[in-house]
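Residue numbers (our numbering): -10 to 126.
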């Protein structure tokens, strides 16, 4: 199910992007907590939760935030590329802020905001971008 009335360009998508991402993050954390509560190793629990969150975020971004008509065979590999870039940007930004002397919590808060903004731009301009091409022969 897509939400055709929500199709919009520009910054109107940002609140939906943040809502879908926030819901996916909550799913990650809840899955992790439940699995740890059941006795699963914390590393496996967070890996499982992160995978559940990644998949939920993809669906939320594809269907709700960007209301994309792109087929999954195109959009999902693009999404995975964006997720990998976001992971690397998070690691680099967090590490850089720690090296400058900032403590862990502010470093992660700043990095999370920057990565979320970068992910939004990447999703808008690449992952779910549906530019039509003209066949010129």
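Cβ coordinates follow ideal geometry from the N, Cα and C atoms, glycine included.
Residue 75 places its beta carbon less than 7 Å from that of residue 108. Approximately 5 Å separates the beta-carbon atoms of residue 68 and residue 116; this is inside 8 Å, confirming the contact. Taking a 10 Å sphere around the C-beta of residue 84, we find fewer than 16 other C-beta atoms and assign the residue as exposed. When the beta-carbon positions are compared, residue 9 and residue 53 come within less than 7 Å of each other. Cβ neighbours of residue 87 within its own chain (closer than 8 Å, five residues either side excluded): 93 and 96. With a cutoff of 7 Å on beta-carbon distance, residue 59 and residue 119 are scored as near each other.
Taking C-alpha positions only, residue 111 is separated from residue 18 by approximately 24 Å.
Shown here for residue 41: same chain residues with a beta carbon closer than 6 Å to its own, the five before and five after excluded, namely 16 and 20 in chain order. With a cutoff of 7 Å on beta-carbon distance, residue 25 and residue 34 are scored as near each other. Across the structure, residue 100 and residue 27 are spaced so that their CA atoms are roughly 32 Å apart. As the crow flies, the alpha-carbon of residue 4 is around 21 Å from that of residue 65.
Look at residue 90 here: in three-state DSSP terms it is coil, with no helix or strand label. The C-beta distance from residue 2 to residue 55 rounds to 6 Å, short enough to fall under 8 Å.
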